[in-house]
Amino acid sequence: MGNLYQHTHTYANIQREKCFCINFLPVSCYDMLVNTIHQNEWDDDEFAAGGFTLSNAKTIHAPAISEAFLTMECTLKEIQDLSGAGIAAMVIGQVQHISIEEGYAQGYELRYGKDGFMLLVPAPQDLVTGEPNQSAIATVHIEKYD
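Residue numbering for the sequence shown follows the numbering used here, beginning at 357 and increasing consecutively.
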(Lines of atoms letter the chains of each structure in order from A; the text may use other names.)
(Lines give C-alpha, C1' and ligand atoms only; values in the text may rest on other atoms or scores of the structure.)
Protein backbone atom coordinates (compact mmCIF):
# COMPACT_ATOMS: atom_id res chain seq x y z
CA MET A 357 0.00 0.00 0.00
CA GLY A 358 1.87 3.06 -1.23
CA ASN A 359 1.50 6.78 -0.59
CA LEU A 360 -0.30 6.46 2.75
CA TYR A 361 -0.19 9.81 4.53
CA GLN A 362 1.44 9.52 7.93
CA HIS A 363 -0.93 11.99 9.65
CA THR A 364 -3.98 9.71 9.16
CA HIS A 365 -5.97 7.41 11.43
CA THR A 366 -5.11 4.53 9.14
CA TYR A 367 -1.38 5.01 9.50
CA ALA A 368 -1.60 5.32 13.31
CA ASN A 369 -3.83 2.24 13.51
CA ILE A 370 -1.48 0.13 11.39
CA GLN A 371 1.53 1.14 13.49
CA ARG A 372 -0.29 0.38 16.74
CA GLU A 373 -2.12 -2.83 15.74
CA LYS A 374 0.51 -4.31 13.36
CA CYS A 375 -2.26 -5.48 11.01
CA PHE A 376 -4.74 -4.05 8.50
CA CYS A 377 -7.38 -4.92 5.93
CA ILE A 378 -7.31 -3.73 2.35
CA ASN A 379 -10.92 -3.41 1.26
CA PHE A 380 -11.75 -3.16 -2.44
CA LEU A 381 -14.95 -1.22 -3.03
CA PRO A 382 -16.78 -0.45 -6.29
CA VAL A 383 -16.99 3.10 -7.64
CA SER A 384 -20.59 3.27 -6.38
CA CYS A 385 -19.05 3.63 -2.87
CA TYR A 386 -16.83 6.57 -3.87
CA ASP A 387 -19.00 9.28 -2.28
CA MET A 388 -19.08 7.26 0.94
CA LEU A 389 -15.28 7.16 0.89
CA VAL A 390 -15.09 10.93 0.36
CA ASN A 391 -17.27 11.39 3.46
CA THR A 392 -14.55 9.68 5.51
CA ILE A 393 -12.07 12.31 4.30
CA HIS A 394 -14.31 15.23 5.26
CA GLN A 395 -15.02 13.79 8.72
CA ASN A 396 -11.51 12.83 9.69
CA GLU A 397 -10.75 14.40 13.05
CA TRP A 398 -9.09 12.17 15.64
CA ASP A 399 -12.37 11.63 17.51
CA ASP A 400 -14.37 10.86 14.33
CA ASP A 401 -15.37 7.32 13.43
CA GLU A 402 -14.49 7.23 9.73
CA PHE A 403 -16.42 4.03 9.12
CA ALA A 404 -19.59 5.59 10.54
CA ALA A 405 -18.94 8.83 8.61
CA GLY A 406 -18.89 6.83 5.39
CA GLY A 407 -21.91 4.75 6.35
CA PHE A 408 -19.93 1.52 6.12
CA THR A 409 -20.87 -1.73 7.83
CA LEU A 410 -18.00 -3.35 9.72
CA SER A 411 -17.36 -7.05 10.02
CA ASN A 412 -14.72 -9.04 11.86
CA ALA A 413 -11.72 -10.19 9.90
CA LYS A 414 -11.07 -13.94 9.97
CA THR A 415 -7.36 -13.97 10.92
CA ILE A 416 -6.46 -10.54 12.31
CA HIS A 417 -8.02 -8.05 14.74
CA ALA A 418 -8.59 -5.21 12.25
CA PRO A 419 -12.10 -4.46 10.98
CA ALA A 420 -13.22 -5.32 7.45
CA ILE A 421 -15.77 -3.35 5.43
CA SER A 422 -18.79 -5.50 4.55
CA GLU A 423 -19.49 -3.50 1.37
CA ALA A 424 -16.11 -4.57 -0.07
CA PHE A 425 -16.21 -7.21 -2.79
CA LEU A 426 -12.63 -8.22 -1.97
CA THR A 427 -10.82 -7.96 1.37
CA MET A 428 -7.19 -8.80 2.05
CA GLU A 429 -6.28 -9.34 5.71
CA CYS A 430 -2.62 -8.44 6.28
CA THR A 431 -0.07 -8.43 9.05
CA LEU A 432 2.45 -5.59 9.04
CA LYS A 433 5.90 -6.46 7.70
CA GLU A 434 7.51 -3.06 7.15
CA ILE A 435 6.85 0.67 6.79
CA GLN A 436 9.04 2.83 4.57
CA ASP A 437 8.96 6.64 4.64
CA LEU A 438 8.55 7.53 0.95
CA SER A 439 8.89 11.28 1.44
CA GLY A 440 11.91 11.25 3.72
CA ALA A 441 10.06 13.93 5.68
CA GLY A 442 7.40 12.00 7.57
CA ILE A 443 4.66 12.85 5.06
CA ALA A 444 3.91 9.68 3.07
CA ALA A 445 4.75 6.04 3.66
CA MET A 446 4.64 2.70 1.91
CA VAL A 447 3.17 -0.04 4.09
CA ILE A 448 4.21 -3.59 3.31
CA GLY A 449 2.04 -6.38 4.63
CA GLN A 450 1.84 -10.13 4.40
CA VAL A 451 -1.56 -11.40 3.30
CA GLN A 452 -3.04 -13.83 5.82
CA HIS A 453 -6.49 -14.32 4.32
CA ILE A 454 -8.51 -13.16 1.30
CA SER A 455 -12.30 -12.96 1.21
CA ILE A 456 -14.11 -12.39 -2.09
CA GLU A 457 -17.77 -12.30 -3.05
CA GLU A 458 -18.57 -15.38 -5.08
CA GLY A 459 -19.64 -13.41 -8.15
CA TYR A 460 -16.20 -11.76 -8.30
CA ALA A 461 -14.29 -15.02 -7.89
CA GLN A 462 -14.60 -16.05 -11.53
CA GLY A 463 -14.62 -14.31 -14.87
CA TYR A 464 -14.22 -10.71 -15.87
CA GLU A 465 -17.68 -9.15 -15.72
CA LEU A 466 -17.83 -8.03 -12.09
CA ARG A 467 -14.13 -7.52 -11.39
CA TYR A 468 -13.46 -5.36 -14.42
CA GLY A 469 -16.34 -2.96 -14.97
CA LYS A 470 -18.43 -0.38 -13.15
CA ASP A 471 -18.88 -2.66 -10.12
CA GLY A 472 -15.25 -3.81 -10.00
CA PHE A 473 -11.88 -2.33 -9.24
CA MET A 474 -11.73 1.43 -8.84
CA LEU A 475 -8.49 3.15 -9.82
CA LEU A 476 -7.06 6.54 -8.91
CA VAL A 477 -5.80 8.42 -11.96
CA PRO A 478 -3.29 10.93 -10.53
CA ALA A 479 -3.69 14.52 -11.70
CA PRO A 480 -1.77 14.87 -14.95
CA GLN A 481 0.16 18.08 -15.46
CA ASP A 482 -0.63 20.05 -18.61
CA LEU A 483 2.68 19.72 -20.47
CA VAL A 484 2.12 22.96 -22.38
CA THR A 485 1.06 25.32 -19.56
CA GLY A 486 2.45 23.44 -16.56
CA GLU A 487 -0.93 23.69 -14.81
CA PRO A 488 -2.12 20.68 -12.80
CA ASN A 489 -5.38 18.98 -13.72
CA GLN A 490 -7.78 17.19 -11.38
CA SER A 491 -7.25 13.62 -10.28
CA ALA A 492 -9.86 11.18 -11.49
CA ILE A 493 -11.44 7.90 -10.51
CA ALA A 494 -11.66 5.23 -13.20
CA THR A 495 -12.88 1.71 -13.73
CA VAL A 496 -11.51 -0.84 -16.17
CA HIS A 497 -13.21 -1.55 -19.47
CA ILE A 498 -11.84 -4.61 -21.24
CA GLU A 499 -11.30 -3.87 -24.91
CA LYS A 500 -10.08 -7.23 -26.16
CA TYR A 501 -9.48 -10.78 -24.96
CA ASP A 502 -6.48 -12.77 -26.18
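In this text, a Cβ means the ideal position worked out from N, Cα and C, and glycines have one as well.
Enclosing beta strand (DSSP E) for residue i [first to last residue]
{"i": "Ile456", "result": "444-456"}
{"i": "Thr495", "result": "492-495"}
{"i": "Asn391", "result": "Asn391 -> not in any beta strand (DSSP E); alpha helix (DSSP H) instead, spanning 386-394."}
{"i": "Asn379", "result": "375-380"}
{"i": "His477", "result": "For the record, residue 477 in the displayed sequence is Val; it is not His. Its beta strand (DSSP E) spans residues 474-477."}
Minimum C-alpha distance to residue i - residue among the options
{"i": "Gln450", "options": "His365, Gln362, Lys374", "result": "Lys374"}
{"i": "Gly524", "options": "Asn489, Val484, Met388", "result": "For the chain, the structure presents residues 357 to 502; residue 524 sits outside this window and is missing."}
{"i": "Lys433", "options": "Arg372, Pro480, Ser411, Pro478", "result": "Arg372"}
{"i": "Ile370", "options": "Asn391, Ala405, Met446, Leu410", "result": "Met446"}
{"i": "Gly472", "options": "Asp400, Gly459, Tyr501", "result": "Gly459"}
{"i": "Ala479", "options": "Asn489, Thr485, Lys470", "result": "Asn489"}
{"i": "Leu426", "options": "Thr364, Tyr361, Thr366, Tyr468", "result": "Tyr468"}
{"i": "Glu397", "options": "His363, Asn379, Leu410", "result": "His363"}
Residue j beta carbon less than 8 Å from that of residue i
{"i": "Ile421", "j": "Leu381", "result": "yes"}
{"i": "Leu476", "j": "Ser491", "result": "yes"}
{"i": "Ala404", "j": "Cys377", "result": "no"}
{"i": "Thr409", "j": "Glu402", "result": "no"}
{"i": "Asn359", "j": "Ala424", "result": "no"}
Residues near residue i in its chain [Cβ-Cβ closer than 6 Å; skip 5 each side]
{"i": "Ile448", "result": "Lys433, Glu434"}
{"i": "His453", "result": "Lys414, Thr415, Glu429"}
{"i": "Gln436", "result": "Met446"}
Neighbourhood of residue i by C-beta, 8 Å cutoff - its chain only, sequence neighbours within 5 removed
{"i": "Ile493", "result": "Val383, Tyr386, Met474, Leu475, Leu476, Val477"}
{"i": "Asp482", "result": "Pro488, Asn489"}
{"i": "Val390", "result": "none"}
{"i": "Gly442", "result": "Gln362"}
| request: Give, in chain order, every unbroken run of the beta strand (DSSP E) that is at least 3 residues long and sits entirely within the region 401-435. | output: 410-412, 419-421
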